Structures are given as C-alpha cells and as structure tokens.
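Colleague:
Structure follows, in structure tokens:
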C-alpha cells in the first residue's frame, strides 16, 4: 500500500486538513492546549512543539482538524518581522565569514539529497521522480508542485517532506535541551515589546504589510516570511525602530505554525502507511546526520559557532528552524541567510539537475 492509495492530501490551496471554521477552532484549541502543557512541563520551544505534537496526534486519531493557509501566512508575517529585528550592523559585517559555510552547505545539500534518494529507492516502491523530489530538502509546497509537474506522485512527496519537518522540529530542540541544557523559549528572546509605542507598532505593521506584498510580487520563496524579514531588517538597520512584535503574538504564531504541521497529517493512516512513514523518517535522520557532520567540518575550518552552524544546515522548514534559532539565542541572521540560500539553491537547480540526469539515462 502506497501513499497514492489513500486520501492523504495534506494541503489544498487555502486549507491544510479539513475545511471549515469548526475544524480550525478545534485544531487551534488542541494546539493551544498542547502549548500550555509543554510550557507547564518546561519543554523546549513549548508553544510550537506542544501544538505540533497534540495536533499531529489529533490528525492520526481521525479528528476533524484543519488550518486555514491565510491564518498561517499571517502568523508567518509576524515571525518574519521578528526575524528581521535580529539583523544588526555587527552581524552584517560578518557576511564575508559565511562564504565558506555557504559553499559547504551546497556540498551538504548535494550529499544529503543523494543519500536520501538512494535510501528511498531501496526501501520504498516509489518511482525515480518521486524519490528524487522527496529526497530534496526544499520547501514542502515547492517540492510537491515541482515533483508533480515532473510526473512524480504528489501525495508521497508531500508525506516525505511533512515527516522530514516534523522529525527535525521534534528532534533538534530536545537534543539541545538534553545534551547542552539549552533553554529554548522564543518568548525569552522577545524583550522589546513592553517599550513599544504607537510609532514602533506602526513601523512593525508597515514592515509586515509591505514585506508580504513585495514578497508575493517578486515571487520570493517563503514570500510571507522572507519579504517581511527583509523589510524589517532594513527598518532596524536604518534605525527606524529597535522594537519587536509583542510576546503574545509570537506565542500565537508558534501555536499556529505547530498546529499547521500536525494538520498536514489529516487523512494519513499509520497502519496503511507505516513503511512509507518509516522510510521518510529515516531519510530525515540521514539529512540531520549530514547537517551535523558538515557543521563540524565548517566549525573546524572557520571557527563559526557550532550550534548556529548546525541550525543553519538542519533540514527543517524556514519558519520552524528560524524559531528554534531564536529560542536558542544563536545568530539568527546566519540561520536565516543559510536557509534562504538553500531554498534558492534547490528551487533553481533541482529541476535542472533532474532533467540532466533524465536525459543522460535515456541515452
């Protein structure tokens, strides 16, 4: 039984999971409850991980949960503005230091994707196109759409990427908490909200609106996060404000992002998909191992902070990894820059490389 044999279709154009206000309300209630429980237990990145775990369980139990894409996009805008506030002149002066790291990231991406492709071909019955786009550590929507256009099975690709993001999000914060004792709460990083006046709020809102519109018009990858992040960075670097979005909005954004991850599994049946799911989780751990290994090499060659480098190379989603970076207090500009570079790299080169391989195979 493969993913194409069941109704697993994790994201429509405007809905993730079930459609309607009741599934949305139920999902948010479950996600918020998960955030409260994880926060009470002092778990790492409590609001996002709690919402993620609780909503994922709800989806597998067959509860009618859903997430509106517009709501997620709105919360992603808030996170983009927050990320932009982390860009400082001191960090920008270090862009040259990241050149070696970005080159190594390119090699890591190629290595990880190759190993994952070989793994998926060995342990699944997916065709070559599906395995190729399921193995590429790009955005879920981008890889699913590209893979489908090339003749791959969209549901299988979406399943692989949804599980990759879930695995990374659940693994890395817990690892840092258990091994390094790191306190991973994004809310502790939001320190400027109490001093905001109406001018600060006006600037932050303008950053979000202008950035979101510009990101869409320019067709940037992860446009609702990348656009506001760039505009917010310009505003903060230009001295227009030194403020950040309020903590309660950041917590709400974490809940929505975490709940959205869980809602992607609506329609997935563990009993019928356990082999494909196990293969996808295995591929995620291959990518995590590559990220850690190449981060160690980068750290040895450049002296860059190891934690920041691991997060920069980790194969999670842009929004999720940026949140984890904020929570750990690492150089968020470095993490965001590397993930944007990876997204551009895969979007631009992924289809070209695939067509080249396909042409050579036909000779």
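Numbering (this note's numbering), first residue to last: -6 to 356.
Every residue gets a Cβ at the ideal spot worked out from N, C-alpha and C, and that includes glycine.
Keep in mind that this is a model prediction, so the values were computed, not measured.
1. By DSSP's criteria, residue 60 is part of a beta bridge. Which residues make up the other side?
2. Is the CB-CB distance between residue 221 and residue 74 below 8 Å?
3. If you count every other CB in all the chains shown that lies within 10 Å of the CB of residue -6, and 16 or more means buried, which is it?
4. If distances are taken between C-alpha atoms only, which option among 193, 349, 338 comes closest to residue 96?
5. Run through DSSP, which three-state label would residue 27 get?
6. If we count the other Cβ atoms within 10 Å of its Cβ and call it buried at 16 or more, is residue -4 buried or exposed?
7. Quick one: using the 10 Å Cβ neighbour count with 16 as the cut-off for buried, is residue 88 buried or exposed?
8. In terms of residue numbering, what span does the alpha helix (DSSP H) encompassing residue 147 cover?
9. Which residue spans inside the region 229 to 275 form an unbroken alpha helix (DSSP H) run of at least 4?
10. Give me, in chain order, the residues of the same chain whose beta-carbon lies closer than 7 Å to that of residue 147; leave out the 5 immediate sequence neighbours on both sides.
11. Can you give me the Cβ contacts of residue 344 inside the same chain, cut-off strictly under 8 Å, excluding the 5 residues immediately before and after it?
12. Helix or strand or just coil, what does DSSP make of residue 18?
13. Starting from the C-beta of residue 299, find all residues in its chain whose C-beta is less than 8 Å away, skip the five residues before and the five after it, and write them out in chain order.
14. Mind checking which residues open and close the alpha helix (DSSP H) that includes residue 117?
15. Take residue 241 as the anchor and find which of 72, 328, 281, 45 has the nearest alpha-carbon.
16. Just curious, the alpha helix (DSSP H) that residue 212 is in, first and last residue?
17. Comparing C-alpha positions only, which one of 270, 327, 266 sits nearest to residue 86?
18. Kindly indicate which three-state DSSP category residue 324 falls into: helix, strand or coil?
19. Give the DSSP-derived three-state secondary structure of residue 35 in the structure shown.
20. Could you name the residues of the same chain whose beta carbon sits closer than 6 Å to that of residue 124, not counting the 5 residues immediately before and after it, in chain order?
21. Apart from the five residues just before and just after residue 68, which ones in its own chain have a Cβ nearer than 6 Å to its Cβ?
22. By Cβ distance below 7 Å, which residues in the same chain neighbour residue 63 in space, the five residues on each side in sequence not counted?
23. Along the chain, where does the alpha helix (DSSP H) that runs through residue 134 open and close?
Modeller: According to the structure data:
1. 9
2. yes
3. Because the pLDDT of residue -6 is 45, which lies under 50, any placement of that residue in the model is unreliable, and the question is left without a value.
4. Distances from the alpha-carbon of residue 96 to those of 193, 349, 338 put 338 closest.
5. helix
6. Legend: pLDDT at residue -4 = 47, less than 50; position of this residue unreliable, value from coordinates given subsequently. Buried, because 16 or more other Cβ atoms sit within 10 Å of the Cβ of residue -4.
7. exposed
8. 147 to 168
9. 240 to 256
10. These residues qualify, in order along the chain: 137, 140, 141.
11. 139, 143
12. helix
13. 288, 289, 292
14. Segment: none, residue 117 is in no alpha helix (DSSP H) and carries neither H nor E.
15. Considering only alpha carbons, the answer is 72.
16. Per DSSP, residue 212 belongs to no alpha helix (DSSP H) and is neither H nor E.
17. 327
18. In this structure, residue 324 counts as coil in the three-state DSSP scheme.
19. coil
20. Cβ neighbours of residue 124 beyond the five flanking positions: 110, 113, 114.
21. 246, 249
22. 7
23. 133 to 142
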